[in-house]
(Lines of atoms letter the chains of each structure in order from A and count residues from 1; the text may use other names and numbers.)
(Lines give C-alpha, C1' and ligand atoms only; values in the text may rest on other atoms or scores of the structure.)
Protein backbone atom coordinates (compact mmCIF):
# COMPACT_ATOMS: atom_id res chain seq x y z
CA UNK A 1 0.00 0.00 0.00
CA UNK A 2 1.18 3.50 -0.81
CA UNK A 3 -0.15 6.93 0.15
CA UNK A 4 0.97 10.07 -1.66
CA UNK A 5 1.46 13.21 0.45
CA UNK A 6 1.35 16.31 -1.75
CA UNK A 7 3.44 19.35 -0.91
CA UNK A 8 0.27 21.41 -0.41
CA UNK A 9 -0.77 19.03 2.41
CA UNK A 10 2.36 19.74 4.46
CA UNK A 11 2.55 22.09 7.41
CA UNK A 12 4.24 25.45 6.81
CA UNK A 13 6.12 28.09 8.76
CA UNK A 14 7.51 31.39 7.49
CA UNK A 15 9.89 33.54 9.52
CA UNK A 16 12.35 36.30 8.64
CA UNK A 17 15.25 33.85 8.82
CA UNK A 18 13.74 30.51 7.77
CA UNK A 19 10.77 29.00 5.93
CA UNK A 20 9.80 25.38 6.43
CA UNK A 21 7.62 22.56 5.18
CA UNK A 22 6.70 20.02 7.86
CA UNK A 23 5.97 16.42 6.86
CA UNK A 24 5.03 15.66 10.50
CA UNK A 25 4.02 17.69 13.56
CA UNK A 26 6.62 20.27 14.53
CA UNK A 27 6.63 23.48 16.61
CA UNK A 28 3.26 25.20 16.03
CA UNK A 29 2.12 22.69 13.39
CA UNK A 30 0.32 19.81 15.07
CA UNK A 31 -1.55 16.89 13.56
CA UNK A 32 -2.33 14.39 16.34
CA UNK A 33 -2.57 11.44 13.95
CA UNK A 34 0.52 11.92 11.79
CA UNK A 35 3.05 9.54 13.31
CA UNK A 36 5.13 7.19 11.21
CA UNK A 37 7.09 4.43 12.94
CA UNK A 38 10.31 5.71 14.53
CA UNK A 39 10.25 8.93 12.46
CA UNK A 40 9.49 12.03 14.49
CA UNK A 41 10.29 14.97 12.18
CA UNK A 42 11.01 15.61 8.52
CA UNK A 43 11.45 19.30 7.74
CA UNK A 44 12.24 20.79 4.33
CA UNK A 45 13.87 24.09 5.34
CA UNK A 46 15.04 27.18 3.47
CA UNK A 47 17.55 29.10 5.60
CA UNK A 48 17.90 32.63 4.28
CA UNK A 49 21.27 34.23 3.51
CA UNK A 50 22.99 35.87 6.47
CA UNK A 51 20.82 34.13 9.06
CA UNK A 52 20.96 31.15 11.37
CA UNK A 53 19.90 29.36 14.51
CA UNK A 54 22.01 30.13 17.61
CA UNK A 55 23.12 27.44 20.03
CA UNK A 56 20.16 25.37 21.20
CA UNK A 57 19.81 21.99 22.89
CA UNK A 58 18.50 18.61 21.70
CA UNK A 59 18.12 15.49 23.80
CA UNK A 60 17.36 11.83 23.06
CA UNK A 61 16.89 12.16 19.31
CA UNK A 62 18.83 11.10 16.20
CA UNK A 63 19.13 14.04 13.77
CA UNK A 64 20.33 13.83 10.18
CA UNK A 65 20.53 16.95 7.99
CA UNK A 66 21.12 16.78 4.24
CA UNK A 67 22.14 19.84 2.22
CA UNK A 68 20.53 20.36 -1.19
CA UNK A 69 21.47 24.00 -1.89
CA UNK A 70 23.87 26.57 -0.45
CA UNK A 71 26.52 26.40 2.29
CA UNK A 72 25.55 25.61 5.89
CA UNK A 73 27.95 26.07 8.81
CA UNK A 74 27.25 23.59 11.61
CA UNK A 75 28.51 24.62 15.07
CA UNK A 76 28.01 21.85 17.65
CA UNK A 77 29.46 22.74 21.04
CA UNK A 78 32.59 20.71 21.91
CA UNK A 79 32.57 19.03 18.49
CA UNK A 80 34.04 19.84 15.07
CA UNK A 81 32.64 22.94 13.35
CA UNK A 82 32.15 22.35 9.66
CA UNK A 83 30.72 24.10 6.61
CA UNK A 84 28.62 21.79 4.45
CA UNK A 85 27.74 22.10 0.76
CA UNK A 86 25.34 20.41 -1.64
CA UNK A 87 25.41 16.66 -1.09
CA UNK A 88 26.92 16.89 2.41
CA UNK A 89 25.17 15.76 5.56
CA UNK A 90 25.67 15.92 9.27
CA UNK A 91 24.38 13.57 11.93
CA UNK A 92 23.92 14.11 15.66
CA UNK A 93 23.00 11.55 18.24
CA UNK A 94 21.76 14.02 20.84
CA UNK A 95 21.69 11.39 23.60
CA UNK A 96 21.89 12.93 27.08
CA UNK A 97 22.00 16.43 25.57
CA UNK A 98 23.92 18.38 22.94
CA UNK A 99 24.03 22.08 21.97
CA UNK A 100 24.51 23.16 18.38
CA UNK A 101 23.85 25.99 15.94
CA UNK A 102 23.30 26.28 12.19
CA UNK A 103 24.27 29.34 10.15
CA UNK A 104 24.11 30.49 6.55
CA UNK A 105 26.92 33.02 6.14
CA UNK A 106 26.64 32.93 2.34
CA UNK A 107 24.89 35.15 -0.18
CA UNK A 108 22.27 32.58 -1.26
CA UNK A 109 19.69 30.52 0.59
CA UNK A 110 20.39 27.09 2.04
CA UNK A 111 17.90 24.29 1.41
CA UNK A 112 18.22 21.37 3.81
CA UNK A 113 16.24 18.29 4.77
CA UNK A 114 16.26 17.56 8.49
CA UNK A 115 15.16 14.14 9.78
CA UNK A 116 14.58 13.28 13.44
CA UNK A 117 14.42 9.65 14.50
CA UNK A 118 13.60 8.21 17.89
CA UNK A 119 16.73 6.44 19.28
CA UNK A 120 16.62 2.87 20.55
CA UNK A 121 17.45 4.01 24.08
CA UNK A 122 17.73 7.20 26.12
CA UNK A 123 20.80 8.82 27.62
CA UNK A 124 23.28 7.78 24.92
CA UNK A 125 26.64 9.54 24.71
CA UNK A 126 26.20 12.45 22.27
CA UNK A 127 28.19 12.34 19.05
CA UNK A 128 28.46 14.12 15.71
CA UNK A 129 29.36 12.62 12.32
CA UNK A 130 29.77 14.09 8.83
CA UNK A 131 29.46 12.42 5.41
CA UNK A 132 28.95 13.34 1.78
CA UNK A 133 26.73 12.19 -1.08
CA UNK A 134 28.19 13.93 -4.11
CA UNK A 135 29.30 13.51 -7.72
CA UNK A 136 31.57 10.62 -6.71
CA UNK A 137 28.48 8.49 -6.10
CA UNK A 138 27.11 6.68 -9.13
CA UNK A 139 23.81 7.94 -10.46
CA UNK A 140 20.79 5.73 -11.08
CA UNK A 141 21.39 3.47 -8.09
CA UNK A 142 20.38 3.51 -4.44
CA UNK A 143 23.02 4.45 -1.86
CA UNK A 144 22.61 3.54 1.82
CA UNK A 145 23.90 6.55 3.76
CA UNK A 146 22.77 5.76 7.32
CA UNK A 147 21.89 2.60 9.23
CA UNK A 148 22.53 0.85 12.58
CA UNK A 149 25.52 -0.96 11.05
CA UNK A 150 29.07 0.38 11.03
CA UNK A 151 29.50 -0.31 7.31
CA UNK A 152 27.51 2.79 6.27
CA UNK A 153 28.85 6.37 6.21
CA UNK A 154 26.61 7.28 9.17
CA UNK A 155 25.82 4.90 12.06
CA UNK A 156 22.59 5.60 13.94
CA UNK A 157 21.07 4.20 17.13
CA UNK A 158 17.88 2.85 15.62
CA UNK A 159 16.86 0.04 13.29
CA UNK A 160 16.19 2.36 10.38
CA UNK A 161 17.85 2.69 6.96
CA UNK A 162 18.22 5.94 5.00
CA UNK A 163 18.76 5.74 1.25
CA UNK A 164 19.50 8.36 -1.41
CA UNK A 165 19.31 8.13 -5.19
CA UNK A 166 19.86 10.59 -8.03
CA UNK A 167 18.12 9.47 -11.21
CA UNK A 168 18.68 10.92 -14.65
CA UNK A 169 15.73 11.89 -16.85
CA UNK A 170 13.60 9.03 -18.21
CA UNK A 171 15.27 6.43 -15.99
CA UNK A 172 13.55 3.72 -13.94
CA UNK A 173 14.28 2.04 -10.63
CA UNK A 174 12.52 -0.06 -8.01
CA UNK A 175 12.57 -0.47 -4.25
CA UNK A 176 10.97 -3.35 -2.32
CA UNK A 177 9.47 -2.67 1.09
CA UNK A 178 9.26 -6.18 2.43
CA UNK A 179 6.61 -7.73 4.67
CA UNK A 180 6.72 -6.24 8.14
CA UNK A 181 8.43 -3.04 6.87
CA UNK A 182 7.39 0.50 5.97
CA UNK A 183 9.12 3.51 4.40
CA UNK A 184 8.73 7.23 3.87
CA UNK A 185 9.96 8.71 0.58
CA UNK A 186 10.46 12.32 -0.51
CA UNK A 187 10.91 13.54 -4.07
CA UNK A 188 13.66 16.03 -3.25
CA UNK A 189 14.07 17.38 -6.78
CA UNK A 190 12.55 16.84 -10.20
CA UNK A 191 9.37 15.00 -11.10
CA UNK A 192 8.40 11.37 -11.65
CA UNK A 193 5.63 8.81 -11.57
CA UNK A 194 5.62 6.20 -8.80
CA UNK A 195 3.15 3.33 -9.11
CA UNK A 196 0.90 5.53 -11.31
CA UNK A 197 1.12 8.48 -8.87
CA UNK A 198 2.53 11.69 -10.35
CA UNK A 199 5.19 13.12 -8.02
CA UNK A 200 6.60 16.66 -7.95
CA UNK A 201 9.46 18.19 -6.00
CA UNK A 202 8.81 18.14 -2.22
CA UNK A 203 5.97 15.57 -2.43
CA UNK A 204 6.15 12.67 0.04
CA UNK A 205 4.95 9.09 0.01
CA UNK A 206 4.14 6.53 2.72
CA UNK A 207 4.87 2.95 1.63
CA UNK A 208 3.69 -0.17 3.46
CA UNK A 209 4.86 -3.68 2.52
CA UNK A 210 4.86 -2.79 -1.19
CA UNK A 211 7.16 -2.45 -4.17
CA UNK A 212 7.54 0.96 -5.74
CA UNK A 213 8.39 1.52 -9.40
CA UNK A 214 9.88 4.95 -10.13
CA UNK A 215 9.99 6.47 -13.62
CA UNK A 216 11.47 9.97 -13.89
CA UNK A 217 10.26 12.77 -16.17
CA UNK A 218 13.45 14.77 -15.56
CA UNK A 219 16.59 14.51 -13.45
CA UNK A 220 15.37 13.74 -9.94
CA UNK A 221 16.61 13.02 -6.45
CA UNK A 222 14.89 10.97 -3.73
CA UNK A 223 15.45 10.13 -0.08
CA UNK A 224 13.83 7.08 1.50
CA UNK A 225 13.72 6.08 5.19
CA UNK A 226 12.87 2.39 5.73
CA UNK A 227 12.00 0.79 9.10
CA UNK A 228 9.93 -1.86 10.86
CA UNK A 229 6.17 -1.71 10.38
CA UNK A 230 4.60 0.04 13.38
CA UNK A 231 1.47 -1.48 14.88
CA UNK A 232 0.08 1.97 15.81
CA UNK A 233 0.27 3.61 12.37
CA UNK A 234 -2.90 5.65 11.95
CA UNK A 235 -2.89 5.01 8.21
CA UNK A 236 -3.39 1.26 8.51
CA UNK A 237 -7.00 0.18 8.98
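In this note's numbering, the protein residues as written are 34 to 270. Ideal Cβ positions, reconstructed from N, Cα and C, are used throughout, including at glycine. Please read these numbers as outputs of a predicted model, since none were measured by experiment.
Residue 144 counts as buried, since at least 16 other C-beta atoms from the protein chains shown sit within 10 angstroms of its C-beta. Residue 261 is bridged by DSSP to 214. In this structure the segment 197-208 does not lie against the segment 229-239, because fewer than three pairs of beta carbons, one per stretch, are closer than 8 Å.
Going by C-alpha positions, residue 256 is about 12 Å away from residue 97. Of all alpha-carbon atoms in 128, 119 and 247, the one lying nearest the alpha-carbon of residue 169 is that of 119.
Per DSSP, reduced to three states, the secondary structure at residue 155 is coil, with no helix or strand assignment.
Residue environment for residue 149: buried (at least 16 other C-beta atoms within 10 angstroms of its C-beta).
With respect to the 9 Å criterion, residue 146 and residue 99 are classified as neighbours on the basis of their beta carbons. Residue 173 and residue 261 have their C-alpha atoms spaced approximately 26 Å apart. DSSP places residue 165 inside the beta strand (DSSP E), whose first and last residues are 160-165. Within the DSSP bridge table, the entry for residue 245 names 208 as partners. The C-beta distance from residue 192 to residue 152 rounds to 11 Å, too long to fall under 8 Å, and the pair is not in contact.
When only Cα atoms are considered, residue 196 and residue 134 end up about 26 Å apart. Under the three-state reduction of DSSP, residue 174 is assigned to coil, being neither helix nor strand.
The C-alpha of residue 225 is placed about 19 Å away from the C-alpha of residue 210. The shortest CA-to-CA distance from residue 41 to any of 49, 222, 56 and 227 is the one to 56.
Under the DSSP assignment, residue 125 falls in the beta strand (DSSP E) whose first and last residues are 121-126. Counting C-beta atoms within 10 angstroms of its own C-beta, residue 181 has fewer than 16 neighbours from the protein chains shown and is therefore classed as exposed. Under DSSP, residue 48 forms no beta bridge with any residue.
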